[in-house]
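In the working numbering, the protein residues as written are 3 to 127.
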């Protein structure tokens, strides 16, 4: 396999496990803590632990692209779990139109790309 290619079958189980766990931690964290800085700590802990799980797996060779994709997908999954939680349980009668949801979707993607790029720089070879 070329170094520029990525095998999603290697990365996807770790992304799903840590993304679901991180989304649950975000929900519990917002119920327990009132300060927003704890949410940043939860994001960073879950994303770094997902990368460490990939790094300690002997069958997966870590490069920048794999660490970037893992960071982005984990961030997006965690964010959308919390976003759906906030739409369904916190504010079920929301007045958000389609453009509001699209703006939030693009904001989450932008934050995921930037945090995935930083995470990729730390865990590349």
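Using N, Cα and C, we set each Cβ at its ideal position, and we do this for glycine too.
As the structure is a computational prediction, the values presented were derived from the model and not from experiment.
Own chain residues within Cβ distance below 8 Å of residue i, not counting five before or after
i           : result
residue 111 : 78
residue 2   : What the structure shows of the chain is the stretch from 3 to 127, and residue 2 is not part of that stretch, so it cannot be assessed.
residue 13  : 56, 62, 68, 71, 72 and 75
Residue i: first and last residue of the uninterrupted alpha helix (DSSP H) it sits in
i           : result
residue 110 : 100-124
residue 77  : 66-87
residue 92  : It is not in any alpha helix (DSSP H) - residue 92 carries neither H nor E in the DSSP assignment.
residue 16  : 10-34
residue 62  : First-last for residue 62: undefined, no H or E at that position.
Beta-carbon spacing of residue i, residue j below 8 Å
i           : j           : result
residue 121 : residue 81  : no
residue 33  : residue 44  : no
residue 55  : residue 83  : no
residue 61  : residue 126 : no
residue 115 : residue 74  : yes
Cβ-based burial, residue i [other Cβ within 10 Å; buried from 16]
i           : result
residue 25  : buried
residue 76  : buried
residue 118 : buried
residue 109 : exposed
residue 21  : buried
Contact set for residue i: own chain, Cβ-Cβ below 6 Å, skip 5 residues either direction
i          : result
residue 19 : none
Beta-carbon proximity list for residue i, same chain, < 7 Å, skipping 5 on both sides
i          : result
residue 87 : 29
residue 89 : 96
residue 40 : 31
Short CB-CB distance (under 8 Å) between residue i and chain B
i           : result
residue 126 : Structure shown: chain B not included; a single protein chain is present.
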